[in-house]
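Chemist: Right, I'll just put the structure down here and ask away after.
Residue numbers (my numbering): 203 to 471.
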């Protein structure tokens with residue numbers, strides 16, 4: 203069984219009588235009535251529909267709060283932004299990262315007392331994801347995430363701000379709808395109008411796409427060229443794939459990134 207510990211993740215707890223309705227009015231996905239043992243993938247956007255934070259939302263063990271699994275280095279920023287919207291809502295927002303460790307088990311079948319487990323909502327091929335109580339001994343696992351990221355990248359799945367530019371990228375540019383991160387029927391949330399307009403008008407001009415690499419894996423930030431003209435930028439890479447933000451109106455021709463050749467592959471659904 204492949205089990206990966208993902209150390210750069212943290213956990214925010216949103217509690218209180220209005221926790222569900224508070225988040226429901228802010229984030230891109232429907233968090234109403236999330237059942238224990240399940241999760242949704244969602245994002246908080248700017249009013250202009252641009253990315254701020256992405257996270258998994260799942261019920262806390264006692265059922266009276268929701269847990270957000272987020273990027274640990276940016277958890278204070280997310281807490282601050284949520285607090286700005288709190289106003290008179292009867293909610294509490296607390297960093298409970300010290301209580302949990304985050305595990306991914308693509309092969310599934312992992313269980314432990316007190317652990318919160320769910321199928322990765324972005325793509326079932328990513329397998330099982332868990333919040334593991336920090337007070338309990340971890341199961342057999344690895345801290346080498348190369349195989350985990352190779353699986354992620356080959357499926358066209360961004361890794362938060364590593365792949366999505368904060369306050370720059372729109373969600374359809376990074377395939378958030380394909381990753382089950384947006385509910386277009388749930389009603390209003392921050393940035394909803396522009397996100398919906400992009401969907402129904404089909405005016406997305408660039409997209410984050412997985413590309414198979416022939417040659418040396420190019421570093422993040424490397425320009426992608428066609429006949430010497432820039433058509434995009436490499437984001438993260440692992441194994442023999444990278445994620446690249448590419449113009450959809452790019453000219454035909456071979457994609458080059460550094461000394462490597464890139465071939466766009468269909469994200470694995």
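We put the beta carbon where it would ideally sit given N, CA and C, even for glycine.
#1: In this structure, does DSSP put residue 351 in helix, strand or coil?
#2: Count the other C-beta atoms from every protein chain shown that fall within 10 angstroms of the C-beta of residue 370, then say buried if there are 16 or more, exposed otherwise.
#3: Taking 8 Å as the limit between beta carbons, can you name the residues of its chain near residue 307, skipping five residues before and five after?
#4: On the criterion of 16 or more Cβ atoms from any shown chain inside 10 Å, does residue 214 qualify as buried, or is it exposed?
#5: When burial is assigned at 16 or more other CB atoms within 10 Å of the CB, is residue 395 buried or exposed?
#6: Does DSSP put residue 281 in a helix, a strand or coil?
#7: Just list the residues that DSSP pairs residue 253 with in beta bridges.
#8: Pick from 423, 227, 232: whose alpha carbon is nearest that of residue 287?
#9: Got a sec? Which residues, its chain only, sit under 6 Å from residue 439 by beta carbon, not counting five neighbours each side?
#10: Looking at the unbroken beta strand (DSSP E) that takes in residue 402, where does it start and where does it end?
#11: Name, in chain order, the residues that DSSP records as bridge partners for residue 408.
#12: Need the endpoints of the alpha helix (DSSP H) that residue 440 sits in, please.
#13: Go through its chain and collect everything with a Cβ distance to residue 368's Cβ below 7 Å, but skip five positions before and after it.
#14: According to the neighbour-count rule (16 or more other Cβ atoms, all chains shown, within 10 Å of its Cβ), is residue 431 buried or exposed?
#15: Quick check on the burial criterion: 16 or more other C-beta atoms within 10 angstroms. Buried or exposed for residue 397?
#16: Residue 215 bridges to which residues according to DSSP?
#17: Are the segment 333-346 and the segment 237-252 in contact at 8 Å, needing three or more beta carbon pairs?
#18: Quick check: the Cα distance between residue 211 and residue 416, rounded to an integer number of angstroms?
Modeler: In short, the structure shows the following:
#1: In the chain shown, residue 351 corresponds to position 149, counting from 1. In the structure shown, residue 351 sits in a helix (DSSP, three-state: H, G or I).
#2: Position 168 of the chain shown holds residue 370. Classification for residue 370: exposed.
#3: Residue numbering aside, residue 307 sits at position 105 when the chain shown is read from its first letter. Same-chain partners within the cutoff: 203, 204, 205, 206, 329, 330, 331, 332.
#4: As a first step, residue 214 must be located in the chain shown, where it is residue number 12. Label assigned to residue 214: buried.
#5: Here residue 395 corresponds to residue number 193 of the chain shown, with the count starting at 1. So residue 395 counts as exposed.
#6: As a first step, residue 281 is located in the chain shown; it is residue number 79 there, counting from the start. Residue 281: helix per DSSP, three-state reduction.
#7: Taking the chain shown and counting its residues from 1, the one referred to as residue 253 is at position 51. Within the DSSP secondary-structure output, residue 253 pairs in a beta bridge with 247.
#8: Translated into the one-based positions of the chain shown, residue 287 becomes position 85. Per the Cα distances, 227.
#9: Taking the chain shown and counting its residues from 1, one reaches residue 439 at position 237. Taken in chain order, the residues that qualify are 419.
#10: Taking the chain shown and counting its residues from 1, one reaches residue 402 at position 200. Premise fails: residue 402 lies in the alpha helix (DSSP H), 394-403, not in any beta strand (DSSP E).
#11: Here the question's residue 408 lines up with position 206 in the chain shown. According to DSSP, which records beta bridges pairwise, residue 408 is partnered with 449.
#12: Residue mapping note: residue 440 aligns to position 238 of the chain shown, counting from 1. Looking at the DSSP string, residue 440 is not in any alpha helix (DSSP H); the run it does join, the beta strand (DSSP E), is 431-440.
#13: For this step, residue 368 is matched to residue 166 along the chain shown. Sequence-distant Cβ neighbours of residue 368 in its own chain, meaning closer than 7 Å and more than five residues away, are 253, 254.
#14: The residue labelled residue 431 in the question sits at position 229 within the chain shown. Residue 431 should be labelled exposed.
#15: Position 195 of the chain shown holds residue 397. Burial call: buried.
#16: For the purposes of this step, residue 215 is taken as the residue at position 13 of the chain shown. The partner list for residue 215 (beta bridge, DSSP) reads 269, 296.
#17: Fewer than three beta-carbon pairs drawn from the segment 333-346 and the segment 237-252 are found closer than 8 Å, and the two stretches are therefore not classed as touching.
#18: The residue you call residue 211 lines up with position 9 of the chain shown. The residue you call residue 416 lines up with position 214 of the chain shown. If I take the Cα positions, the gap works out to 31 Å.
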